[in-house]
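Residues in the sequence shown are numbered consecutively from 1, following this note's numbering.
No residue lacks a Cβ here, since even glycine has one placed at the ideal position from N, Cα and C.
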Amino acid sequence: MRSDANFAGPMADPVPGPRTESTDVSRETPPPMDAAPSFAAQPPTPAGQTPQLVGRAAQQVVEAMHQAGERLPRPERTRVMVVANQKGGVGKTTTTVNLAASLALHGARVLVVDLDPQGNASTALGIDHHSEVPSIYDVLVESKPLSEVVQPVPDVEGLFCAPATIDLAGAEIELVSLVARESRLQRAIEAYEQPLDYILIDCPPSLGLLTVNALVAGAEVLIPIQCEYYALEGLGQLLRNVDLVRGHLNRDLRISTILLTMYDGRTRLASQVAEEVRSHFGSEVLRTNIPRSVRISEAPSYGQTVLTYDPGSSGSLSYLEAAREIALRDPSAQSEQPQQQSLAEGNQ
Ligand code: ATP
Ligand code: MG
Numbered sequence: 001m002r003s004d005a006n007f008a009g010p011m012a013d014p015v016p017g018p019r020t021e022s023t024d025v026s027r028e029t030p031p032p033m034d035a036a037p038s039f040a041a042q043p044p045t046p047a048g049q050t051p052q053l054v055g056r057a058a059q060q061v062v063e064a065m066h067q068a069g070e071r072l073p074r075p076e077r078t079r080v081m082v083v084a085n086q087k088g089g090v091g092k093t094t095t096t097v098n099l100a101a102s103l104a105l106h107g108a109r110v111l112v113v114d115l116d117p118q119g120n121a122s123t124a125l126g127i128d129h130h131s132e133v134p135s136i137y138d139v140l141v142e143s144k145p146l147s148e149v150v151q152p153v154p155d156v157e158g159l160f161c162a163p164a165t166i167d168l169a170g171a172e173i174e175l176v177s178l179v180a181r182e183s184r185l186q187r188a189i190e191a192y193e194q195p196l197d198y199i200l201i202d203c204p205p206s207l208g209l210l211t212v213n214a215l216v217a218g219a220e221v222l223i224p225i226q227c228e229y230y231a232l233e234g235l236g237q238l239l240r241n242v243d244l245v246r247g248h249l250n251r252d253l254r255i256s257t258i259l260l261t262m263y264d265g266r267t268r269l270a271s272q273v274a275e276e277v278r279s280h281f282g283s284e285v286l287r288t289n290i291p292r293s294v295r296i297s298e299a300p301s302y303g304q305t306v307l308t309y310d311p312g313s314s315g316s317l318s319y320l321e322a323a324r325e326i327a328l329r330d331p332s333a334q335s336e337q338p339q340q341q342s343l344a345e346g347n348q
């Protein structure tokens, strides 16, 4: 596994300054954001439009971004990010696929590893994942090379997916008796020779062996937190698991990124949750919140990310901006995270 010297191309600032209060609750493309009128000029992509046209629409958004002239740094080594939260339905998959597409549209080479037997990330990326398809199950349980299951994602150049099939549902049990059961994904990724800038691993809503494999394989944990009541409940257990894996199996592991999802700026609850999360996690929380957006939730049913489904929507722009923040953060420059410890202790 290595980072590709040919990556990058011009990368630009899509939306200058933080976006923290955006909301998209209508079915219409939202009004233009102040700094990015050219993005908002894109019409919503009608269902049934050809993939080629959809891909071009997304490309236009990024070209408009590049006109601002900023280049995003490319990581020196492949950044492996584990998107985890054992709570269900908080936006792990949505975040994985849309961040991955955003990073790819910025010019990076990105692999999504679908580690959830539900296969939602594969579906959202338009990747076939019926039970005959070579999948991440074969990699974990049958030791098949990762390169034999990775597929290019239609419409988004530089984006790839290792799909999950329903077979993966049995893997939690099958892995138990296998040698090096916690580090099988790590080994597969290390042996993968294609150049990549980012690997994003979409975890299932549990803390079993699949998630442990992801935590052993990655260096960074990205936790999406839904801006709802009980948002922080149960997070202590995830944080303790991260500590355990760091202590025994992967000393490089750290929680690098918290992303607030489904943020509804009309409600006080959302801003209260955001405030609480920021007070616990501090600088690890991205300034960009992902708004609650009908466009984001519609996109997977067309096998698309919101970046290709409705490039000008607030959801699309938020993920592009979150991706920019992530690309601009230097993980090696960040320090220990005492706030997380206090949450782990206080949220038993
Ligand atoms: P699971 O734990 O089952 O894997 P998850 O954490 O991966 O779930 P998602 O599948 O990404 O969560 O999202 C749950 C639901 O919320 C989906 O129907 C998705 O379309 C919707 N959703 C996610 N993010 C948003 C958003 N910003 N606005 C509106 N709907 C959203
Ligand atoms: Mg999911």
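Distances from the CA of L168 to each of A219, P311, P134 and V153 were compared; the closest alpha carbon is that of P134. Counting along the chain, the unbroken beta strand (DSSP E) around A162 starts and ends at L159 to A162. Under the three-state reduction of DSSP, R240 is assigned to helix. In the pairwise beta carbon analysis, the segment 242 to 262 is classified as touching the segment 209 to 224: at least three pairs are separated by under 8 Å. Our two residues, P154 and N85, have alpha carbons roughly 28 Å apart in a direct line. Between I255 and E284, the beta carbon gap of about 6 Å places them in contact (Cβ cut-off 8 Å). Residue state for I173 is assigned as helix, using DSSP reduced to three classes.
E190 carries a helical assignment under DSSP once its states are collapsed to helix, strand and coil.
The set of residues whose C-beta lies within less than 5 Å of a heavy atom of the ligand ATP reads, in chain order, G88, G89, V90, G91, K92, T93, T94, P205, M262, I290, R292, S293, I296 and S297. The three-state reading of DSSP puts L269 in helix, counting H, G and I together. DSSP places R254 inside the beta strand (DSSP E), whose first and last residues are R254 to T261. If you draw a 10 Å sphere on the C-beta of D310, you find 16 or more other C-beta atoms in it, and that means buried. Of the candidates S316, V80 and P73, V80 places its Cα closest to the Cα of R187. Rounded to whole angstroms, the gap between the alpha carbons of E157 and A104 is 7 Å. Short note on N120: C-beta closer than 8 Å to some heavy atom of the ligand MG. With fewer than 16 other Cβ atoms inside 10 Å of its own Cβ, E132 counts as exposed.
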